[in-house]
Amino acid sequence: MNEKDKIIPDRAILVSLLRKGESAEANERSLDELCGLLKTAGGECFARMTQSKEAPDPRTMIGTGKAAELAYLCSVNDIKLVVFDCELSPSQIRNLEFLLGDDIRVIDRSMLILDIFALHAVTGEGKLQVELAQLKYTAPRLMGRGAEMSKLGGGIGTRGPGESQLETDRRHLHRRIHALEEQISEMAKNRRTMRASRERSDIVEVAIVGYTNAGKSTLLNRLTDAGILAEDKLFATLDPTTRKYTLPCGESILLTDTVGFINKLPHHLISAFHSTLEEATLADILLILIDISDPCYREQMGITEKLLEELGAGDKPRLYVFNKCDRGFAELREIGRGIEDERFVYISAETGQGVDILIQKLEALVTDGKRRVTYFIPNTDGGALNTLYRVATVDSVDYGADGVTVLALADAKARGIMRKYALDDIEEPEE
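What follows is the structure, encoded as structure tokens:
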């Protein structure tokens with residue numbers, strides 16, 4: 037590639053507001069994460085600016101004096117993008133752009149996340165969800181930006197449905213939102229039909245959840261050869277991917293890679309991407325993946341747990357999977373102290389280290405309370421075989437003159453339903 041053909045990343049200044057009583061250290065960690073988001077979007081952090089105030093300024097968030105300082109910094113360094121680590125109102129964006137100059141884009145954390153979603157959405161539904169979220173959240177914040185509105189895909193914060201489209205279709209904005217909601221609703225119906233079919237097959241569904249960039253896609257690839265994108269970037273995966281996996285015991289499960297969680301994920305984004313996030317709420321078991329190499333892994337665990345609670349998945353059976361342990365073991369002993377070890381497993385999805393133990397623990401969770409039972413179903417009770425397929429995992433079927441002999445993995449409920457046909461229970465051998 038020639039020097040003149042190289043893509044020059046958007047340089048940006050990151051701005052945060054430190055309110056009275058808030059932790060300066062937590063503020064810096066949030067800016068670190070914002071810097072990672074900017075990098076994922078193809079940008080580059082030029083500088084950071086933090087304003088300490090008791091309360092946000094209603095006009096500019098950071099106050100007129102600090103805004104003037106920001107304007108000077110942008111001017112002398114030819115900076116065209118400013119990203120705030122907090123949510124801005126439409127009027128605050130307009131006031132800031134008036135003070136900074138018409139050629140400077142001002143976006144907030146949510147707009148940056150939506151920009152990344154626009155980059156990484158692959159499926160039709162994912163793209164529709166991105167457009168809907170941008171129309172509902174970003175469009176009001178883009179109104180009245182003059183010449184900038186005529187630029188389609190003019191840099192970070194302008195991707196997705198396109199600002200020129202927003203300007204042209206301003207009068208039809210609500211009509212477009214309604215159309216998108218109907219399309220997504222129809223797709224959700226189709227997905228519910230597919231999910232109902234999966235539920236009738238009584239197959240266990242396992243969702244891999246956790247903070248963004250924890251290694252969820254890498255783990256799914258390791259277990260199933262799914263071949264999905266796995267990059268060391270925030271929000272590399274947006275669309276959920278489901279693959280079948282057969283446990284050593286012979287029982288098949290469905291593994292789903294989900295969109296990552298992140299701090300300060302606004303409620304309107306959770307709502308817009310509910311059909312993507314609902315994979316976690318409807319799963320039977322959660323694998324909560326934690327990047328142990330990240331110094332903020334404890335905080336990320338807390339954010340993940342909080343979001344799962346908000347989604348209604350707080351009471352799901354789960355395994356806590358500490359990933360990337362090949363990058364250092366210093367804290368492994370400390371993490372395990374005073375905690376239920378059976379719910380914790382330490383792996384490297386990249387190298388495969390510890391994955392065999394993860395599979396053993398996952399199998400124990402999936403087959404909890406289940407036993408292999410041999411049933412004999414007479415030909416006169418043919419419908420009972422259909423019932424057995426519905427309530428248990430059938431391993432083998434042997435058809436005879438008088439009926440069928442079936443070996444199945446059945447839980448307590450299934451064993452109760454099929455009790456009259458049971459010949460014996462086969463206990464699992466102890467290891």
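Residue numbers (my numbering): 37 to 467.
Every residue gets a Cβ at the ideal spot worked out from N, C-alpha and C, and that includes glycine.
By the Cβ test, the region 97-115 is not in contact with the region 57-73, since fewer than three Cβ pairs between them sit closer than 8 Å. At the C-beta level, Gly78 and Asp114 stay beyond 8 Å of one another. Beyond the five residues adjoining it in sequence on each side, Asp447 comes within less than 6 Å, by CB distance, of Gly405, Lys406 in the same chain, given in chain order. Distance from the Cα of Asn249 is smallest, within the candidate group Ile324, Ser146, Leu291, for Ile324.
The beta carbons of Tyr333 and Gly296 sit about 14 Å from each other, so the pair does not count as a contact at 8 Å. In the structure shown, Gly452 adopts helical secondary structure according to DSSP, grouped into three states. Only buried fits Ala316, as 16 or more other CB atoms lie within 10 angstroms of its CB. In this structure, DSSP gives Ala104 a helical state, which the three-state scheme calls helix. Here Asp261 is exposed. Its C-beta has fewer than 16 other C-beta atoms within 10 Å.
Between Leu148 and Val119, the gap from beta carbon to beta carbon is short of 8 Å. Per the coordinates, the alpha-carbon of Ser59 lies some 24 Å from the alpha-carbon of Glu346.
Rounded to whole angstroms, Asn359 and Ala450 show a C-alpha spacing of 35 Å. When the beta-carbon positions are compared, Leu150 and Ala169 come within less than 8 Å of each other.
The bridge partners DSSP lists for Gly390 come to none. DSSP places Asn257 in the helix class (H, G or I) of the three-state scheme.
Taking every protein chain shown into account, the CB of Val112 has fewer than 16 other CB atoms within 10 angstroms, so this residue is exposed.
Around the beta carbon of Tyr435, fewer than 16 other beta carbons sit within 10 angstroms, so the residue counts as exposed. Glu241 is bridged by DSSP to Leu290. Rounded to whole angstroms, the separation of the alpha carbons of Leu301 and Lys102 is 26 Å. Cα atoms of Leu209 and Gly388: separation of roughly 49 Å, rounded to the nearest angstrom.
The Cβ neighbour count for Tyr108, taken over all protein chains shown within 10 Å, is under 16; the residue is labelled exposed.
With a contact defined as Cβ atoms closer than 8 Å, Arg145 and Cys110 miss out at about 19 Å.
If you draw a straight line from the Cα of Thr340 to the Cα of Leu401, it is about 21 Å long. The alpha-carbon separation between Ser432 and Gly419 amounts to approximately 17 Å.
Taking the CA atoms as reference points, Ile129 sits about 11 Å from Ile140. For Gln336, the CB contacts under 6 Å within the same chain, skipping 5 residues up- and downstream, are Tyr247 in chain order. In the three-state DSSP reduction, Glu123 falls in the coil class, being neither helix nor strand.
Ile239 and Leu424 have their C-alpha atoms roughly 13 Å apart. Across the structure, Gln87 and Leu54 are spaced so that their CA atoms are roughly 6 Å apart. Judged by their CB atoms, Val357 and Ile383 are nearer to each other than the 8 Å cut-off. A direct Cα-to-Cα measurement between Thr403 and Lys397 gives close to 10 Å. Under the three-state reduction of DSSP, Ala385 is assigned to coil, being neither helix nor strand.
Rounded to whole angstroms, the gap between the alpha carbons of Ser221 and Gly348 is 20 Å.
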